[in-house]
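Student:
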(Lines of atoms letter the chains of each structure in order from A and count residues from 1; the text may use other names and numbers.)
(Lines give C-alpha, C1' and ligand atoms only; values in the text may rest on other atoms or scores of the structure.)
Protein backbone atom coordinates (compact mmCIF):
# COMPACT_ATOMS: atom_id res chain seq x y z
CA UNK A 1 0.00 0.00 0.00
CA UNK A 2 2.93 2.36 0.47
CA UNK A 3 4.18 2.45 -3.11
CA UNK A 4 5.59 5.76 -4.26
CA UNK A 5 5.14 7.05 -7.79
CA UNK A 6 7.24 9.73 -9.43
CA UNK A 7 4.58 10.77 -11.89
CA UNK A 8 0.92 10.16 -12.33
CA UNK A 9 1.65 8.19 -15.54
CA UNK A 10 3.25 5.36 -13.55
CA UNK A 11 0.05 4.80 -11.60
CA UNK A 12 -2.14 2.86 -13.97
CA UNK A 13 -3.76 0.34 -11.67
CA UNK A 14 -6.21 0.73 -8.83
CA UNK A 15 -5.36 0.71 -5.17
CA UNK A 16 -7.65 -1.38 -3.04
CA UNK A 17 -8.22 -0.72 0.65
CA UNK A 18 -10.80 -1.62 3.22
CA UNK A 19 -13.37 0.81 4.54
CA UNK A 20 -11.46 0.97 7.84
CA UNK A 21 -8.26 1.96 6.04
CA UNK A 22 -10.13 4.57 3.97
CA UNK A 23 -11.72 6.17 7.02
CA UNK A 24 -8.44 6.06 8.92
CA UNK A 25 -6.64 7.73 6.02
CA UNK A 26 -9.31 10.42 5.72
CA UNK A 27 -9.28 11.23 9.45
CA UNK A 28 -5.56 10.83 10.17
CA UNK A 29 -4.64 14.45 9.49
CA UNK A 30 -7.95 16.20 10.07
CA UNK A 31 -7.10 19.44 11.89
CA UNK A 32 -10.67 20.07 13.00
CA UNK A 33 -10.83 16.74 14.82
CA UNK A 34 -7.40 17.28 16.41
CA UNK A 35 -8.41 20.75 17.54
CA UNK A 36 -11.72 19.52 19.00
CA UNK A 37 -9.90 16.74 20.87
CA UNK A 38 -7.37 19.16 22.36
CA UNK A 39 -10.16 21.56 23.33
CA UNK A 40 -11.93 18.74 25.16
CA UNK A 41 -8.76 17.78 27.04
CA UNK A 42 -8.30 21.41 28.13
CA UNK A 43 -11.93 21.63 29.26
CA UNK A 44 -11.48 18.55 31.45
CA UNK A 45 -8.29 20.01 32.95
CA UNK A 46 -9.95 23.36 33.66
CA UNK A 47 -12.94 21.65 35.26
CA UNK A 48 -10.71 19.65 37.62
CA UNK A 49 -8.75 22.78 38.49
CA UNK A 50 -11.91 24.77 39.20
CA UNK A 51 -13.42 22.00 41.34
CA UNK A 52 -10.42 22.13 43.69
CA UNK A 53 -11.42 25.68 44.56
CA UNK A 54 -14.78 24.43 45.86
CA UNK A 55 -13.46 21.71 48.19
CA UNK A 56 -12.70 22.86 51.74
CA UNK A 57 -9.25 22.59 53.31
CA UNK A 58 -9.14 20.31 56.35
CA UNK A 59 -6.42 20.57 58.99
CA UNK A 60 -6.25 18.32 62.05
CA UNK A 61 -3.80 18.98 64.89
CA UNK A 62 -3.22 16.43 67.64
CA UNK A 63 -0.99 16.92 70.66
CA UNK A 64 -0.27 16.50 74.31
CA UNK A 65 0.71 19.05 76.90
CA UNK A 66 1.82 19.10 80.50
CA UNK A 67 2.17 21.91 82.97
CA UNK A 68 2.77 22.61 86.64
CA UNK A 69 -0.30 24.26 88.13
CA UNK A 70 0.89 24.91 91.68
CA UNK A 71 4.13 24.35 93.51
CA UNK A 72 4.58 25.16 97.17
CA UNK A 73 7.47 24.58 99.50
CA UNK A 74 7.23 24.86 103.31
CA UNK A 75 10.32 24.92 105.51
CA UNK A 76 9.70 24.38 109.18
CA UNK A 77 12.09 24.23 111.96
CA UNK A 78 11.79 21.64 114.61
CA UNK A 79 10.85 18.00 114.41
CA UNK A 80 8.99 18.10 111.03
CA UNK A 81 11.02 18.09 107.85
CA UNK A 82 10.33 20.47 105.02
CA UNK A 83 7.27 19.73 102.88
CA UNK A 84 7.03 20.19 99.15
CA UNK A 85 3.81 20.02 97.17
CA UNK A 86 3.62 20.00 93.39
CA UNK A 87 0.41 19.79 91.37
CA UNK A 88 0.87 18.88 87.73
CA UNK A 89 -1.54 18.75 84.85
CA UNK A 90 -1.20 16.66 81.70
CA UNK A 91 -3.61 16.20 78.87
CA UNK A 92 -4.19 15.71 75.22
CA UNK A 93 -5.89 17.91 72.69
CA UNK A 94 -7.28 17.73 69.20
CA UNK A 95 -8.07 20.67 66.98
CA UNK A 96 -9.96 20.42 63.71
CA UNK A 97 -10.02 23.37 61.34
CA UNK A 98 -12.10 23.51 58.15
CA UNK A 99 -11.57 26.45 55.81
CA UNK A 100 -13.28 27.17 52.52
CA UNK A 101 -12.65 30.08 50.19
CA UNK A 102 -15.72 31.31 48.36
CA UNK A 103 -15.58 32.33 44.67
CA UNK A 104 -16.27 35.96 45.66
CA UNK A 105 -13.14 35.97 47.86
CA UNK A 106 -14.72 35.44 51.28
CA UNK A 107 -13.27 32.76 53.55
CA UNK A 108 -15.34 30.61 55.91
CA UNK A 109 -13.62 28.88 58.83
CA UNK A 110 -14.82 26.46 61.47
CA UNK A 111 -12.58 25.44 64.38
CA UNK A 112 -13.41 22.71 66.86
CA UNK A 113 -11.09 22.12 69.80
CA UNK A 114 -11.26 19.35 72.37
CA UNK A 115 -9.05 19.02 75.44
CA UNK A 116 -8.88 16.06 77.77
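Numbering (the numbering used here), first residue to last: 32 to 147. In this text, a Cβ means the ideal position worked out from N, Cα and C, and glycines have one as well.
Please confirm whether residue 120 and residue 98 have their CB atoms less than 8 angstroms apart.
Tutor: By 1-based counting over the chain shown, the position of residue 120 is 89. By 1-based counting over the chain shown, the position of residue 98 is 67. Yes, these two residues count as a Cβ contact at 8 angstroms.
Student: Thinking C-alpha only, which one of 134, 48, 102 is nearest residue 83?
Tutor: In the chain shown, counting from the first residue as 1, residue 83 sits at position 52. Of the listed residues, the one whose Cα sits closest to residue 83 is 134.
Student: Going by the CB atoms, is the gap between residue 90 and residue 128 shorter than 8 angstroms?
Tutor: Stepping through the chain shown from its first residue, residue 128 is reached at position 97. Stepping through the chain shown from its first residue, residue 90 is reached at position 59. Against a cut-off of 8 angstroms, the Cβ pair of residue 90 and residue 128 comes out as a contact.
Student: Give the DSSP-derived three-state secondary structure of residue 47 in the structure shown.
Tutor: The residue given as residue 47 occupies position 16 in the chain shown. If DSSP states are grouped into helix, strand and coil, residue 47 belongs with coil.
Student: Give every residue of the same chain whose Cβ lies closer than 6 angstroms to the Cβ of residue 141, excluding the five residues on either side of it in the sequence, and list them in chain order.
Tutor: Along the chain shown, read from residue 1 onward, the residue named residue 141 stands at position 110. Correct list, in chain order: 129.
Student: Give the DSSP-derived three-state secondary structure of residue 125 in the structure shown.
Tutor: Here residue 125 corresponds to residue number 94 of the chain shown, with the count starting at 1. It is a strand residue.
Student: Following the continuous beta strand (DSSP E) through residue 145, name the residue where it begins and the one where it ends.
Tutor: Start at 1 with the first residue of the chain shown, and residue 145 comes out as number 114. Taken as a continuous stretch (DSSP letters only), the beta strand (DSSP E) holding residue 145 covers 138 to 146.
Student: Could you check how far apart the C-beta atoms of residue 101 and residue 118 are, in whole angstroms? I think they sit under 8 angstroms.
Tutor: Position 70 of the chain shown, counting from 1, holds the residue named residue 101. Position 87 of the chain shown, counting from 1, holds the residue named residue 118. Right, the Cβ-Cβ distance comes to about 4 angstroms (below 8 angstroms), so this counts as a contact.
Student: Mapping the DSSP letters down to three states, classify residue 133 as helix, strand or coil.
Tutor: One-based indexing of the chain shown puts residue 133 at position 102. Coil at residue 133, not helix or strand.
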